[in-house]
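I have placed the structure first, in the form of structure tokens, so that the comments after it can refer back to it.
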Amino acid sequence: MKIVEVIKIPVRYNGETYQAGESFEMEDEYVNESLVNVTGEVERGPKTIREMTIAELKEYATEHEIDLGDAKKKDDILEIIQAFEADKDEIVDEDRKDTPEE
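Residues in the sequence shown are numbered consecutively from 1, following this note's numbering.
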């Protein structure tokens with residue numbers, strides 16, 4: 001994702017029209033440097049699970065020792081990972097209940 005500034009001709013992007021001199025965020029693949037100047041990069045944190053590709057989800061599952069079984073579709077893989085994460089959160093919450101306060 002880039003931060004761009006319109007050069008001369010108004011630019012329409014994601015349903016909005018931007019005039020010369022205006023800046024906005026634009027996906028890298030849509031940047032046309034004859035229409036806009038790139039003025040910066042948008043810093044992003046790590047991807048959320050929903051933003052990950054199937055390959056990234058499978059890698060995530062392997063790293064966290066999550067058994068995906070026969071799941072092949074993104075929605076099925078997401079469901080398994082989210083169930084695992086929910087179970088993990090419940091275990092952490094239960095552990096906190098058992099810990100005496102100081």
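Every residue, glycine too, gets a C-beta built ideally from N, C-alpha and C.
ask   = By how many angstroms is the C-alpha of ALA86 removed from the C-alpha of LYS58?
value = When rounded, the separation of the alpha-carbon atoms in LYS58 and ALA86 is 18 Å.
task = Determine the extent of the beta strand (DSSP E) in which ILE3 is found, giving its start and end residues.
result = 2-6
ask   = Between TYR13 and TYR30, is the Cβ-Cβ spacing less than 8 Å?
value = A contact, by the Cβ cut-off of 8 Å.
query = From this set, LEU35, SER23 and TYR60, which residue's C-alpha is nearest PRO46's C-alpha?
reply = That would be TYR60, whose Cα lies nearest to the Cα of PRO46.
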